[in-house]
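Its first residue numbered 3, the sequence shown is counted upward by one per residue in my numbering. Here is the structure we will look at.
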Amino acid sequence: MISEDETKIITSIISHIEAGERRIGIQQIASENYVSSTFIIKMCKRLGFEGYSELYYHLSQTVDAYGKTTCTARLHERVDNYRDGMEEDFCRLLAEFQNQKIFANGRAFGDVVAAYIVQRLAVCGFMVFNQVHFYDFMIFHQEQGRMVTNIAPSLMIAISQSGEAEPILNDVRAAKQRGFKILSFTKREDSTLSRLSDLVFVVDGARQTLMGGIPNHFFGQVILVFEELMGVYFQSLTAAPGELPGGKLAK
Numbered sequence: 003m004i005s006e007d008e009t010k011i012i013t014s015i016i017s018h019i020e021a022g023e024r025r026i027g028i029q030q031i032a033s034e035n036y037v038s039s040t041f042i043i044k045m046c047k048r049l050g051f052e053g054y055s056e057l058y059y060h061l062s063q064t065v066d067a068y069g070k071t072t073c074t075a076r077l078h079e080r081v082d083n084y085r086d087g088m089e090e091d092f093c094r095l096l097a098e099f100q101n102q103k104i105f106a107n108g109r110a111f112g113d114v115v116a117a118y119i120v121q122r123l124a125v126c127g128f129m130v131f132n133q134v135h136f137y138d139f140m141i142f143h144q145e146q147g148r149m150v151t152n153i154a155p156s157l158m159i160a161i162s163q164s165g166e167a168e169p170i171l172n173d174v175r176a177a178k179q180r181g182f183k184i185l186s187f188t189k190r191e192d193s194t195l196s197r198l199s200d201l202v203f204v205v206d207g208a209r210q211t212l213m214g215g216i217p218n219h220f221f222g223q224v225i226l227v228f229e230e231l232m233g234v235y236f237q238s239l240t241a242a243p244g245e246l247p248g249g250k251l252a253k
């Protein structure tokens, strides 16, 4: 989890980057947010960075210097079922479950993408795990020393080219039965996974067959789409209270 003070620090850094300013030192950021430089260094370590410089570089690379309009243009090119407001829906899902355990689920090459998503969200302060931890969490969740099954609803991110992989669908159905929201990436808008999802991004669906196609751009494109979405998410941290990029009010 990322605390309110940590969110303010990250927001402050992003604001300076988006303003086109040269690199802002840790002392200035600490002063602006009424914390010590030691607090910021500890935050960086907890998020998986060596120090402030690495965090600052990471945010500089993540934040889109040209603003949300450019992000939206790239998403429009890469997401076959793109519609206005998809980025805001993504941001709302992350905000809704920022204090819950989030799970990323994929198989074969999809598992590689899921592992990437786990790492990306983890360094941004989310509690996120892969499907192995999902099984443990669903079946062996412990509360005050006893096994229980009534776990708090959260978010599952599912990756499947066909949208019909039974292991993925089984996990998605189990999650939905417990009140989870489903965010998915697939090639087929008419798939079972798409129908089970609360928010689905159809990637590379019109450009390649499902089987035997080389090169296969799907998995790489999912990572690129996720990066663009995270760029929008970081920009949403600097939006006015209750507002997301594009001027739409958060629900």
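The beta-carbon is built from N, C-alpha and C at its ideal position, and this holds for glycine as well. Bear in mind that the values here come from a model prediction, so they are computed numbers and not experimental data.
Could you give the first and the last residue of the continuous beta strand (DSSP E) run that contains residue i?
| i | result |
| --- | --- |
| residue 49 | Unbroken run through residue 49: none, as it is neither H nor E. |
| residue 106 | 103-107 |
Applying the criterion that 16 or more other CB atoms from any shown protein chain within 10 Å of the CB defines a buried residue, is residue i buried or exposed?
| i | result |
| --- | --- |
| residue 1 | No information on residue 1 is available, as it lies outside the stretch 3 to 253 that the chain covers here. |
| residue 22 | exposed |
| residue 44 | exposed |
| residue 63 | exposed |
| residue 36 | exposed |
Starting from residue i, trace the alpha helix (DSSP H) in both directions and tell me its first and last residue.
| i | result |
| --- | --- |
| residue 31 | 28-34 |
| residue 37 | First-last for residue 37: undefined, no H or E at that position. |
| residue 124 | 111-125 |
To the nearest angstrom, how far is the alpha carbon of residue i from that of residue j?
| i | j | result |
| --- | --- | --- |
| residue 114 | residue 226 | 14 Å |
| residue 111 | residue 94 | 27 Å |
| residue 159 | residue 166 | 15 Å |
| residue 205 | residue 96 | 20 Å |
| residue 33 | residue 193 | 51 Å |
| residue 196 | residue 107 | 14 Å |
Based on the DSSP secondary-structure assignment, which residues constitute the bridge partners of residue i?
| i | result |
| --- | --- |
| residue 157 | 183 |
| residue 261 | Here the chain comprises residues numbered 3 to 253, so residue 261 is not present and cannot be evaluated. |
| residue 201 | 185 |
| residue 81 | 205 |
| residue 224 | Residue 224 is not bridged to any residue. |
Spatial neighbours of residue i within its chain, please: CB distance less than 6 Å, with the 5 preceding and 5 following residues excluded, ordered by chain position.
| i | result |
| --- | --- |
| residue 75 | none |
| residue 83 | 191, 204 |
| residue 221 | 111, 115 |
With a threshold of 8 Å on Cβ separation, who are the neighbours of residue i within its own chain once the five nearest residues in sequence on each side are excluded?
| i | result |
| --- | --- |
| residue 29 | 39 |
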